[in-house]
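Student: Residue numbers (our numbering): 178 to 298.
Virtual Cβ for every residue (Gly too), placed ideally from N, Cα, C.
Since the model is a prediction, treat every value here as computed from it, not as a measurement.
1. Taking the alpha helix (DSSP H) that residue 251 belongs to, which residues open and close that run?
2. I want to know whether the segment 201-214 touches the segment 262-277 - three or more CB-CB distances under 8 Å.
3. Between which two residues does the alpha helix (DSSP H) holding residue 196 run?
4. Assuming residue 284 and residue 265 make a contact with CB atoms under 8 Å, what is their CB distance in whole Å?
5. Considering only residues of the same chain and omitting the five flanking positions on each side of residue 256, which have a CB-CB separation below 6 Å?
6. I need the DSSP call for residue 272, collapsed to helix, strand or coil.
7. Report the residue from 229, 228, 213, 234 whose alpha carbon sits nearest the alpha carbon of residue 191.
8. Based on Cα-Cα distance, which residue from 241, 217, 189 lies nearest to residue 287?
9. By a C-beta neighbour count over all protein chains shown, 10 Å radius and 16 as the cutoff for buried, is residue 259 buried or exposed?
10. Take the Cβ of residue 299 as the centre, count every other Cβ of all protein chains shown within 10 Å, and call the residue buried at 16 or more, exposed below.
11. My output table needs one value for residue 210: the three-state DSSP class, helix, strand or coil.
12. What is the residue span of the alpha helix (DSSP H) that residue 243 lies within?
13. Using a beta-carbon distance below 9 Å, is residue 285 in contact with chain B?
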(Lines of atoms letter the chains of each structure in order from A; the text may use other names.)
(Lines give C-alpha, C1' and ligand atoms only; values in the text may rest on other atoms or scores of the structure.)
Protein backbone atom coordinates (compact mmCIF):
# COMPACT_ATOMS: atom_id res chain seq x y z
CA UNK A 178 0.00 0.00 0.00
CA UNK A 179 1.12 3.54 -0.76
CA UNK A 180 3.03 5.11 2.15
CA UNK A 181 1.21 8.42 1.59
CA UNK A 182 -2.16 6.74 2.22
CA UNK A 183 -0.91 5.21 5.44
CA UNK A 184 0.57 8.51 6.64
CA UNK A 185 -2.61 10.46 5.83
CA UNK A 186 -4.73 7.82 7.61
CA UNK A 187 -2.40 8.08 10.61
CA UNK A 188 -2.87 11.85 10.73
CA UNK A 189 -6.67 11.37 10.78
CA UNK A 190 -6.29 8.86 13.63
CA UNK A 191 -4.09 11.31 15.55
CA UNK A 192 -6.60 14.11 14.96
CA UNK A 193 -9.47 11.96 16.20
CA UNK A 194 -7.50 11.01 19.32
CA UNK A 195 -6.65 14.69 19.94
CA UNK A 196 -10.37 15.56 19.79
CA UNK A 197 -11.16 12.69 22.16
CA UNK A 198 -8.41 13.80 24.54
CA UNK A 199 -10.00 17.25 24.67
CA UNK A 200 -13.38 15.70 25.46
CA UNK A 201 -11.93 13.55 28.25
CA UNK A 202 -10.04 16.48 29.78
CA UNK A 203 -13.20 18.60 29.60
CA UNK A 204 -15.05 15.92 31.57
CA UNK A 205 -12.37 15.54 34.24
CA UNK A 206 -11.69 19.27 34.59
CA UNK A 207 -15.35 20.06 35.21
CA UNK A 208 -15.64 22.27 32.11
CA UNK A 209 -18.41 20.04 30.77
CA UNK A 210 -22.04 20.26 31.91
CA UNK A 211 -24.23 17.30 30.98
CA UNK A 212 -26.86 18.09 28.37
CA UNK A 213 -25.33 21.44 27.37
CA UNK A 214 -23.29 22.77 24.48
CA UNK A 215 -21.86 26.25 24.72
CA UNK A 216 -23.60 26.78 28.04
CA UNK A 217 -27.06 26.17 26.57
CA UNK A 218 -29.30 23.09 26.61
CA UNK A 219 -28.64 21.00 23.50
CA UNK A 220 -31.35 19.29 21.47
CA UNK A 221 -31.17 15.73 20.15
CA UNK A 222 -30.64 17.20 16.70
CA UNK A 223 -27.58 19.11 17.88
CA UNK A 224 -26.18 15.97 19.53
CA UNK A 225 -26.79 14.09 16.27
CA UNK A 226 -24.93 16.81 14.36
CA UNK A 227 -22.04 16.56 16.82
CA UNK A 228 -21.95 12.77 16.41
CA UNK A 229 -21.91 13.09 12.61
CA UNK A 230 -19.16 15.72 12.77
CA UNK A 231 -16.95 13.60 15.02
CA UNK A 232 -17.53 10.57 12.81
CA UNK A 233 -15.91 12.38 9.86
CA UNK A 234 -12.26 11.71 10.88
CA UNK A 235 -13.12 8.01 11.20
CA UNK A 236 -14.72 8.07 7.77
CA UNK A 237 -11.65 9.86 6.43
CA UNK A 238 -9.43 6.96 7.52
CA UNK A 239 -11.52 4.59 5.40
CA UNK A 240 -11.76 6.97 2.44
CA UNK A 241 -8.04 7.70 2.51
CA UNK A 242 -7.24 4.01 2.33
CA UNK A 243 -10.02 3.00 -0.06
CA UNK A 244 -10.58 5.71 -2.66
CA UNK A 245 -8.50 5.97 -5.82
CA UNK A 246 -5.57 8.40 -5.45
CA UNK A 247 -7.02 11.47 -7.18
CA UNK A 248 -10.30 11.26 -5.24
CA UNK A 249 -8.56 10.49 -1.95
CA UNK A 250 -6.21 13.43 -2.47
CA UNK A 251 -9.03 15.94 -2.98
CA UNK A 252 -11.26 14.52 -0.24
CA UNK A 253 -8.34 14.82 2.20
CA UNK A 254 -7.67 18.41 1.18
CA UNK A 255 -11.34 19.37 1.37
CA UNK A 256 -12.09 17.71 4.69
CA UNK A 257 -8.90 18.97 6.35
CA UNK A 258 -9.68 22.50 5.12
CA UNK A 259 -13.23 22.16 6.52
CA UNK A 260 -11.94 21.10 9.94
CA UNK A 261 -9.28 23.83 9.89
CA UNK A 262 -11.89 26.55 9.25
CA UNK A 263 -14.42 25.02 11.66
CA UNK A 264 -11.89 24.91 14.49
CA UNK A 265 -10.31 28.31 13.84
CA UNK A 266 -13.79 29.88 14.01
CA UNK A 267 -14.53 28.02 17.26
CA UNK A 268 -11.12 28.62 18.88
CA UNK A 269 -12.12 31.81 20.76
CA UNK A 270 -15.11 30.05 22.35
CA UNK A 271 -12.98 27.61 24.35
CA UNK A 272 -12.27 29.02 27.81
CA UNK A 273 -9.58 26.54 28.92
CA UNK A 274 -5.92 26.72 27.97
CA UNK A 275 -5.73 22.94 27.36
CA UNK A 276 -8.64 23.19 24.90
CA UNK A 277 -7.00 26.04 22.98
CA UNK A 278 -3.72 24.10 22.93
CA UNK A 279 -5.36 20.93 21.58
CA UNK A 280 -7.29 22.91 18.96
CA UNK A 281 -4.03 24.50 17.77
CA UNK A 282 -2.43 21.03 17.63
CA UNK A 283 -5.43 19.88 15.56
CA UNK A 284 -5.01 22.89 13.25
CA UNK A 285 -1.41 21.79 12.72
CA UNK A 286 -2.59 18.29 11.84
CA UNK A 287 -5.11 19.74 9.38
CA UNK A 288 -2.38 21.83 7.77
CA UNK A 289 -0.11 18.78 7.59
CA UNK A 290 -2.91 16.78 5.95
CA UNK A 291 -3.46 19.50 3.35
CA UNK A 292 0.29 19.74 2.68
CA UNK A 293 0.75 15.98 2.35
CA UNK A 294 -2.32 15.51 0.15
CA UNK A 295 -1.42 18.51 -2.02
CA UNK A 296 2.05 17.04 -2.66
CA UNK A 297 0.71 13.54 -3.34
CA UNK A 298 1.99 12.71 -6.81
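Tutor: Considering the structure as presented:
1. Here the question's residue 251 lines up with position 74 in the chain shown. Here the alpha helix (DSSP H) through residue 251 covers 246-267.
2. yes
3. As a first step, residue 196 must be located in the chain shown, where it is residue number 19. Unbroken alpha helix (DSSP H) run through residue 196: 180-206.
4. As a working note, residue 284 is residue 107 in the chain shown. As a working note, residue 265 is residue 88 in the chain shown. With 8 Å as the limit, residue 284 and residue 265 qualify as a contact, their Cβ atoms being about 6 Å apart.
5. By 1-based counting over the chain shown, the position of residue 256 is 79. Result list for residue 256: 237, in chain order.
6. Along the chain shown, one-based indexing puts residue 272 at 95. Coil.
7. To locate residue 191, count along the chain shown from 1; it is residue 14. Checking every option, the nearest Cα to that of residue 191 belongs to 234.
8. Stepping through the chain shown from its first residue, residue 287 is reached at position 110. Looking at the Cα atoms, 189 is the closest of the given residues.
9. Your numbering for residue 259 matches position 82 in the chain shown. With fewer than 16 Cβ atoms within 10 Å of its Cβ, residue 259 is classed as exposed.
10. Nothing about residue 299 can be reported from this structure: the residues present for the chain run from 178 to 298 only.
11. Translated into positions along the chain shown, residue 210 becomes position 33. In the structure shown, residue 210 sits in coil (DSSP, three-state: anything other than H, G, I, E or B).
12. Mapped onto the chain shown, residue 243 falls at position 66. 221-243 is the extent of the alpha helix (DSSP H) around residue 243.
13. Protein chain content of the structure displayed is limited to a single chain, and chain B is not contained in it.
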